[in-house]
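**Student:** To start, I am sharing the structure in question, which I have written as structure tokens.
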Amino acid sequence: MVLMLATSGEVLVACGLEDAWALFNRFDEVATLIPTLKSIEFKGEEIWATMGVQLGVISVTSRVMLHVVHIAPWRITAEGWSFLGETIHTQINRNGPEGIEKDAKGKLTIHLELEPVNGVGVLVKYAAEVDAFGRLKRIYQSILKSKAPPLMEEFAMRLRAALDIGVDISLTSLEGPPL
Numbered sequence: 162m163v164l165m166l167a168t169s170g171e172v173l174v175a176c177g178l179e180d181a182w183a184l185f186n187r188f189d190e191v192a193t194l195i196p197t198l199k200s201i202e203f204k205g206e207e208i209w210a211t212m213g214v215q216l217g218v219i220s221v222t223s224r225v226m227l228h229v230v231h232i233a234p235w236r237i238t239a240e241g242w243s244f245l246g247e248t249i250h251t252q253i254n255r256n257g258p259e260g261i262e263k264d265a266k267g268k269l270t271i272h273l274e275l276e277p278v279n280g281v282g283v284l285v286k287y288a289a290e291v292d293a294f295g296r297l298k299r300i301y302q303s304i305l306k307s308k309a310p311p312l313m314e315e316f317a318m319r320l321r322a323a324l325d326i327g328v329d330i331s332l333t334s335l336e337g338p339p340l
């Protein structure tokens, strides 16, 4: 049995459910809330992003390709691929993600759920799972272990700034990677 790398969090925001839902349906705006985002491009139904993080002295850049696979009131699920570097990006343009070696890519799933909290606001629940192997898995494990907590806190602050209606609510939680 292969364990996926996973991380999740919750952020309580002081806004109405409809306002939160409207933001999460504007993918270009939501993307700007992600601290590691370097660039984003929309190609038809696909969302292509470049992400970057510093691991010590090493700068890690990855590309992500996502598409929404399920959308229902207050819930969104997106799936796609994550891979390192621009060389692989060029290969994907030619052969698609299936043409990339198994240990150079990761299958990515992202879940979002909005839950109203009576009289307070909306609880934004999010989770990301990556099914990765080899070198890529080790890199993602390092990122989740050392970078996820501060990045998730920064995401929570940005999300509150985008949605809060002047009420300071400081509920966040972090569920780290399985170790």
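Each step along the sequence shown adds one to the number in my numbering, with nothing skipped, and position 6 is 167.
We put the beta carbon where it would ideally sit given N, CA and C, even for glycine.
Everything numeric in this text was worked out from a predicted model, so none of it was measured.
1) Based on the DSSP secondary-structure assignment, which residues constitute the bridge partners of Gly213?
2) Residues bridged to Val278 by DSSP?
3) For Ser307, which residues does DSSP report across the bridge?
4) Excluding the 5 residues preceding and the 5 following Val172 in the sequence, name in chain order all residues of the same chain whose CB lies nearer than 6 Å to its CB.
5) Could you check how far apart the C-beta atoms of Leu275 and Val281 are, in whole angstroms? I think they sit under 8 Å.
6) Take Gly177 and list the residues in its own chain whose beta-carbon comes closer than 6 Å to its own, dropping the five residues that flank it on each side.
7) Spell out the partners DSSP gives Glu179 in its beta bridges.
8) Under 6 Å Cβ to Cβ from Thr238, same chain only, skipping five residues before and after it: list those, please.
9) Helix, strand or coil: which one does DSSP assign to Ile195?
10) Please list, in chain order, all residues of the same chain as Arg236 whose beta carbon is under 6 Å from its beta carbon, the five residues on each side excluded.
11) Can you find the residues in the same chain that come closer than 8 Å, C-beta to C-beta, to Ile304, ignoring five residues on each side of it along the sequence?
12) What residues are listed by DSSP as bridge partners for Glu240?
13) Rounded to whole angstroms, what's the CA-CA distance from Val191 to Gly267? Just pull it up for me.
**Tutor:** This is what the structure holds:
1) Taking the sequence shown and counting its residues from 1, the one referred to as residue 213 is at position 52. For Gly213, which the question treats as bridged, DSSP gives the partners Thr222.
2) Indexing the sequence shown from 1 puts residue 278 at position 117. Beta-bridge pairing links Val278 to Gly282.
3) Numbered from its first residue, the sequence shown carries residue 307 at position 146. Answer by DSSP bridge pairing: none, since Ser307 is not bridged.
4) Residue 172 sits at position 11 when you count from the first residue of the sequence shown. Val285, Ala317, Leu320, Thr333, listed in sequence order.
5) Counting from 1 along the sequence shown, the entry for residue 275 is found at position 114. Counting from 1 along the sequence shown, the entry for residue 281 is found at position 120. The pair is not a contact, with the Cβ atoms about 13 Å apart (cut-off 8 Å).
6) Taking the first residue of the sequence shown as 1, we reach residue 177 at position 16. So the list is empty, once near-sequence residues are dropped.
7) In the sequence shown, the residue the question calls residue 179 occupies position 18. Partner(s): none; Glu179 has no beta bridge.
8) Numbered from its first residue, the sequence shown carries residue 238 at position 77. Here the set comprises Val230, His231, His272.
9) To locate residue 195, count along the sequence shown from 1; it is residue 34. DSSP places Ile195 in coil when its eight states are reduced to three.
10) For the purposes of this step, residue 236 is identified with residue 75 of the sequence shown, where counting begins at 1. Correct list, in chain order: Glu274.
11) Counting from one through the sequence shown, the residue named residue 304 turns up at place 143. Taken in chain order, the residues that qualify are Val214, Leu216, Val221.
12) Counting from 1 along the sequence shown, the entry for residue 240 is found at position 79. His228, Thr270, per the DSSP bridge assignment.
13) Translated into the one-based positions of the sequence shown, residue 191 becomes position 30. Translated into the one-based positions of the sequence shown, residue 267 becomes position 106. One C-alpha to the other measures close to 22 Å.
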